[in-house]
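Chains as they are written, first to last, in my numbering: chain H, 34 to 367; chain L, 73 to 361; chain E, 13 to 301.
Each residue gets a CB set at the ideal place from its N, CA and C atoms; glycine is no exception.
Step one of this worksheet: look at the structure below.
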Amino acid sequence: MLAVEARNISKTFISRERSSFYRGRKKVVEALKNVSFEISSGEVFGLLGPNGAGKTTMIKILSTLLLPDSGEAYVNGYDVVREPEKVRESIGVSLYSDRGFYWKLSGRENLLYFASLYHLEPGWAKDRVDELLSLLGLEEDADRLVEEYSTGMKSKLNIARALLHDPPVLFLDEPTIGLDPNSARKIREIILELKKKGKTVLLTTHNMFEADMLSDRVAIINKGKILAVGSPSDLKRRISSKSILEIELIGVKDNGAFETLRGLDGVVSMAHQWLDPSAGRVDLKVILDEKGSLREVLEHLLRTDNKMLSVKSIEPTLEDVFVYYTGERLESQA
Amino acid sequence: MYSFITLVKDLRARPRFLYAALFISILMKETKLFTRYVGSLFTIMAMPFMMSWLFMGIGYAVAGYSALDNFTVNTGVKSPLLYFTLGGVLMISSMIMVENMSSVIREEQLMGTFELHYLTPNNTILVWIFHAVAQSILILIVFTIDLTVVVALQGSLLSPLDWLVASLIILLGLLPLAGIGLAVAALTMRFKEVWAVASTINSFIAMLSGFFYPLEVFPGIVRLAASLLPTTHASQLLRQIIQASATSLDFQQKIAIMLGLSLLYLILGRFVYERWEVEARSKGELAKY
Amino acid sequence: MRDGRSRLVVRENSRNTRFVKGPRALLVELSWVSRVALKIYLRYPAWIIADIITAPAWLVLLIFPVLMFLPKSQWSSPLVLNSFLWAMILWDIVSYGLWSFGMAIRREQQMGTLEFIYLTNANRVLIFARNIFARIISLTLTIAYTYVFFKLLFNIQVIIFDPLPVLLVLLLGLFTSMGFGLLYGALVLRFKDAGPLNNILQFIILGISGVFYPVSSLPESLRVVSMILPFTYVSEILRYHALGMPTLIPVKCEWIILVLSTLLLNMAGFILLNLIEKNSKKTGELAKY
């Protein structure tokens, strides 16, 4: 049974560049290009990609906040464009935002207010709010004004709001961003609990560890396109026949020192991340196919006068899958 | 391509006149913001005229044919349009100044840019005063356009000297309001309701400064309170200049008073702001909003 | 089932969730919307105080310029002053309705709560009309304070011939201005900062609708325009029932025109708000502020 279906969804935004006092030229941004995927009922589906990949745009389309330019999407069997009220009854959404609450209301008051907007029966809403505050560890701060809340507390309150009316489908947009490790761990535990209860969760993140840990399946998205879909182990298996090297260089003056690696025979993909630009320290991820050879790579780098600090051969991670498909690092874009 | 050597080299080059460069960059920023809110810009320019027409429309409707004669007797001025437009420009300018300076802390904190000013090697009070000067300059442009239209309709134009003198009076009238604004900004950080206080101050400045009526309508004690406002003197002087009826004694006296008030309010604003700044720094409240 | 598409059993995990439907849902929304409005209002005490304190200042600022067109002997004419008093009260109510939706939408945009509201199926008009509940309190305080100040300043009796129709027309005037407010709110949703437009609109309405003077004193060409505006009828009916002043057309006809135009305005506003909501979702500008 499908909880969420997206078919050939496209979305373009138009903005204006400004370089001086007046409006400059139009800039067209293709946020989503023919994106299609399906999420089964009870599944946790991760949408993994860097900032600006189109994750939030996708969530907003599925939650009826944004209309697609073309394509169709269904949530819980309802068309997001033609039956938005039914879709909204079926979903809970936590959008990444530092705002989104009334500062002069307490956490509890904010939740009760939104409970009324979700048409929850008042007596029941009160109990539900208490339950959620307890679940998210906010009971002690429930009656403090939101203007005094930390970022982590607001994130938790955001998730509590998404769970108010106990919807079968949840859209969580970067739920752990900005949280300390303990709070992030707590949120992940809650997501796993929700999965056990049979909720369908669409989770967007640029944290590959989170995507790997929580998701039944992951879609890798970059620049508005879905590049690969599969379970984390499937995706990693796709590149398991490849060798993945992590090489740390020092004293590097510019990208030219290693960009030439891309043209080397057997190098499927390569991405870099500057660790310490002042010292010229850079971390390279190189993916080799069967034709590629570690020795050739190292010889090439030594020929270009690079000093190597370390060389490691590693097990593939989702980040490596991302590098394989895009030639870029998730972290360097985060 | 990142080149840390080049970047370090560039950082060593500093502008020759540091504070002039700082002022110019603040002026450029304020000008861009001013001109990009086209609707607000248009409203600021049109508001004095709209208020004038409203008062004149109601006045003529209520008083009939004798409206103009009554006006001349009550105010000593023949042209209600000039009288009200001048008052309107001053009122709008003073409101903008008080509001902008009062909310300078709050607005920047909401945007997240307030704390960043403290990371630069500048005296922050100077930065905010530069903001006030930049806004005064922009308001001068509005004043020039609005008054030129009205004065031209009377069949004359302000001479360059008159315009310079009028500009000086406006600057002296507005800058002290920046001091009041800063004091309000600092005092209201605790309550975070700066706009309520700014709105209250604006309403009393508008009422007491004689923008739209002579202060003789008030009892003596109220007139005394009004004389503590720089805008009161600014509106009286400007009317005299535009009607070419100012005496040099009047002029010198009022300029001296306005200078004194400018210093007083700016020093007060600085004092209150600096005290708040010390407290905010020790409590880590610079970024708190 | 639809198009062979299988749907999840809705809320299979939510057997315990209890919802309200139909009119009861609206009542629950209304209850919480009004509660939230009052809580937020009362938690900004500076605004409450500012609202009350500034009332006399704005009264003076509006009335005194107009008095300049009258001979001093008429400055304490009960009819003239009562016209102003009722005009001020009417304008207070009407301007609030005019601004209410737009301000509410703007506030939600700035707080970041707008999108979360649009994620629910709650009635948008009810949510954005939230501030009116708090306004009822502040308006009562303002009217009382204005009345006291008026008595102290001018020492005249307030004239009110038929209190009930006066109350009715003020209430209806609020709904009329809400209709305009919905249109303005739709513009805020689209253009974000439509404040300048409303500033200008206010002046035009004030000038042409006869809020401060009978429309009969306007020239013919303007009178025709003012007959199109529903606020004209609010002003005329108010003056008729409060002060016994004549109306342009029979008062019963004016009542009918007012009721019909109020209904039409509100419908138009509602339709426009929905259209712009849909358009904002297309362009992705719903959340922008």
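Anticipated Cβ contact below 8 Å, Y56/E with E265/L, distance rounded: 6 Å
With 16 other Cβ atoms within 10 Å as the buried cut-off, status of D174/H: buried
Quick check: the stretch 282 to 293 of chain H against the stretch 75 to 89 of chain H, are there 3 or more CB pairs under 8 Å? no
What would DSSP say about N255/H, mapped onto helix, strand or coil? strand
Can the beta-carbon of L219/L be found closer than 9 Å to that of T260/L? For L219/L and T260/L, no; Cβs fall outside 9 Å.
Span of the beta strand (DSSP E), counted from its first residue to its last, around M80/E: Segment: none, M80/E is in no beta strand (DSSP E) and carries neither H nor E.
Please list the residues of the stretch 335 to 352 of chain L that have a C-beta atom closer than 9 Å to any C-beta atom in chain E, keeping them in chain order. Per Cβ criterion, the list is empty.
Looking at P200/H and K230/H, is the spacing between their C-beta atoms short of 9 Å? no
Can you confirm whether K256/H, when its beta carbon is compared against all beta carbons of chain E, has any partner nearer than 9 Å? no
How close, in whole Å, do the beta carbons of M169/L and A204/L come, if the pair is a contact with beta carbons under 8 Å? 7 Å
According to the Cβ coordinates, are L81/H and I254/H closer than 9 Å? yes
So which residues of chain L does G219/E contact, with C-beta pairs closer than 7 Å? Those within 7 Å of G219/E in chain L are W125, L126, G129.
Using a 10 Å radius around the Cβ and a threshold of 16 neighbouring Cβ atoms, would you call K340/H buried or exposed? Classification of K340/H: exposed, given that the 10 Å Cβ count is below 16.
Neighbourhood of K324/H by C-beta distance below 8 Å, restricted to the same chain and skipping five residues each side: D298, G299
For my contact list, V263/E and L184/E are in at a C-beta cut-off of 8 Å; report their separation, rounded to the angstrom. That pair is no contact at about 13 Å.
Starting from N67/H and walking both ways along the beta strand (DSSP E), at which residues does that stretch end? 59 to 73
So L236/H is in the beta strand (DSSP E); what residue range does that whole segment cover? 233 to 238
Euclidean distance between Cα positions of L113/L and M100/L: 16 Å
Cut-off 6 Å between Cβ atoms - residues of its own chain near I75/E, not counting five sequence neighbours on either side: F96
So is I139/E in contact with chain H if we call contact Cβ pairs under 9 Å? yes
So within the stretch 163 to 189 of chain E, which uninterrupted alpha helix (DSSP H) runs reach at least 4 residues, ignoring any that extend past its ends? Entirely contained in the stretch 163 to 189 of chain E, not one alpha helix (DSSP H) run reaches 4 residues.
Would you mind sorting V149/L into buried or exposed? The rule is 16 or more other CB atoms within 10 Å of its CB. buried
Use the C-beta contact count for V170/E: other C-beta atoms within 10 angstroms, 16 or more gives buried, fewer gives exposed. exposed
Member of P226/E, I217/E, E232/E, L250/E whose CA lies at the smallest distance from the CA of L241/E: Answer by Cα proximity: I217/E.
From the beta carbon of H239/H, is the nearest beta carbon of chain A less than 9 Å away? Any reference to chain A falls outside this structure, whose protein chains are H, L and E.
DSSP bridge partner residues for S309/H (one or two, in chain order): In the sequence as presented, Ser is not what sits at residue 309/H; that position holds Asp. Under DSSP, D309/H forms a beta bridge with R314/H.
Drop a sphere of 10 angstroms on the beta-carbon of P68/E, count the other beta-carbons inside from all chains shown, and report buried for 16 or more, exposed for fewer. buried
Count the other C-beta atoms from every protein chain shown that fall within 10 angstroms of the C-beta of L20/E, then say buried if there are 16 or more, exposed otherwise. Residue placement at L20/E is flagged as unreliable, the pLDDT there being 45, under the threshold of 50; the coordinate-derived value follows with that caveat. So L20/E counts as buried.
Relative to the C-alpha of R218/H, which residue among S264/H, E243/H, Y358/H, V319/H is closest? E243/H
Grab the span of the alpha helix (DSSP H) containing S233/E for me, first residue to last. 232 to 240
Can you list the residues of chain E that V134/L reaches, using a CB-CB cut of under 7 Å? V78, F81, L82, V92, Y225
Pop quiz: L278/H and L327/H are said to be a contact at Cβ under 8 Å. What is the actual Cβ separation, rounded to whole angstroms? 7 Å
Checking 9 Å against the spacing of the C-beta atoms, do V344/H and I320/H come in under that value? no
I42/H at chain E interface by Cβ criterion, 9 Å: Look at I42/H: its C-beta is not under 9 Å from any C-beta on chain E.
If you draw a straight line from the C-alpha of S216/H to the C-alpha of L363/H, how long is it? A direct Cα-to-Cα measurement between S216/H and L363/H gives close to 22 Å.
Give the secondary structure of V149/L by DSSP, where H, G and I count as helix, E and B as strand, and everything else as coil. Coil, per DSSP.
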